[in-house]
Amino acid sequence: ICVSTLEKRFGFESWMTGFMIVFSEIAFVASAVTITKTWTASVGVKNCICMIILGVGCIIYSLPHFLTGNYTYAGMDSANDDDEFEFCVGEPLECVEDEQNLQWWLAMFVLGQIFIGIGSVPLHTVSTAFIEESCEPGKAAIYFALVRASSALGPLIGYMGGAISLATWVDFDKVDKPD
Numbered sequence: 002i003c004v005s006t007l008e009k010r011f012g013f014e015s016w017m018t019g020f021m022i023v024f025s026e027i028a029f030v031a032s033a034v035t036i037t038k039t040w041t042a043s044v045g046v047k048n049c050i051c052m053i054i055l056g057v058g059c060i061i062y063s064l065p066h067f068l069t070g071n072y073t074y075a076g077m078d079s080a081n082d083d084d085e086f087e088f089c090v091g092e093p094l095e096c097v098e099d100e101q102n103l104q105w106w107l108a109m110f111v112l113g114q115i116f117i118g119i120g121s122v123p124l125h126t127v128s129t130a131f132i133e134e135s136c137e138p139g140k141a142a143i144y145f146a147l148v149r150a151s152s153a154l155g156p157l158i159g160y161m162g163g164a165i166s167l168a169t170w171v172d173f174d175k176v177d178k179p180d
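The working numbering puts the first residue of the sequence shown at 2, with every later residue one more than the last.
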């Protein structure tokens, strides 16, 4: 859901979105050994620091959506011959060519992915040891189950919310949605 939306909104090509997304994994791998090996003492505080880094990464990743102007609606797809207009506004319907070049926002998306990758390291490495050390003997299994269940349900809820939000008009407060 996110990749195709970014490609349309910012004019990214497929290789650009792949390049952007892989930086989360690169940052994770590059920082995992350092964080896991050096952060064995006072894990709780350092987990909080990484959660803050993760949150900052999410904010950086979302900033281009708020810092860019109104969405410039693309015209009719020339490869599509069934006269179906994708983004057209006005009466009568007029389709406007996309003249904005928003591809330079790729750098901010990459920076956000780097922060997200670094911030998510403790979720997959150190947090298991922290849970085991913090709870009573014999109760760690239920906490592990809760963490793994939330790891499965979180993306599910996120994709469902993303699908619902894609049905919302981009600039719903500024543009009348064509019928």
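Beta carbons: idealized from backbone N, C-alpha and C, even for Gly.
Length of the line joining the Cα atoms of residue i and residue j
i: S79; j: F11; result: Note that S79 scores 46 on pLDDT, short of 50, meaning its location in the model is unreliable and no value can be drawn from it.
i: K140; j: L147; result: 11 Å
i: G45; j: F131; result: 7 Å
i: T69; j: G113; result: 16 Å
Residue interval of the alpha helix (DSSP H) (run including residue i)
i: S121; result: Where S121 is concerned, there is no enclosing alpha helix (DSSP H), given that its DSSP letter is neither H nor E.
i: A31; result: S15 to T39
i: T69; result: Looking at the DSSP string, T69 is not in any alpha helix (DSSP H), and its letter there is neither H nor E.
For residue i, the nearest candidate out of the options (CA to CA)
i: I53; options: G162, L124 and F20; result: L124
i: A108; options: Y160, M17 and R149; result: M17
i: I119; options: L68, K9 and G56; result: G56
i: C49; options: E14, V4, I115 and S121; result: S121
i: L7; options: T35, I143 and L64; result: L64
Buried or exposed by the 16-neighbour rule on C-beta atoms within 10 Å, applied to residue i
i: W105; result: exposed
i: C51; result: buried
i: L154; result: exposed
i: V30; result: exposed
i: M21; result: buried
Unbroken stretches of the alpha helix (DSSP H), 4 residues or longer, contained in the region 97–169: If we require 4 residues or more, the alpha helix (DSSP H) runs fully inside the region 97–169 come out as 107–120, 122–125, 127–135 and 141–167.
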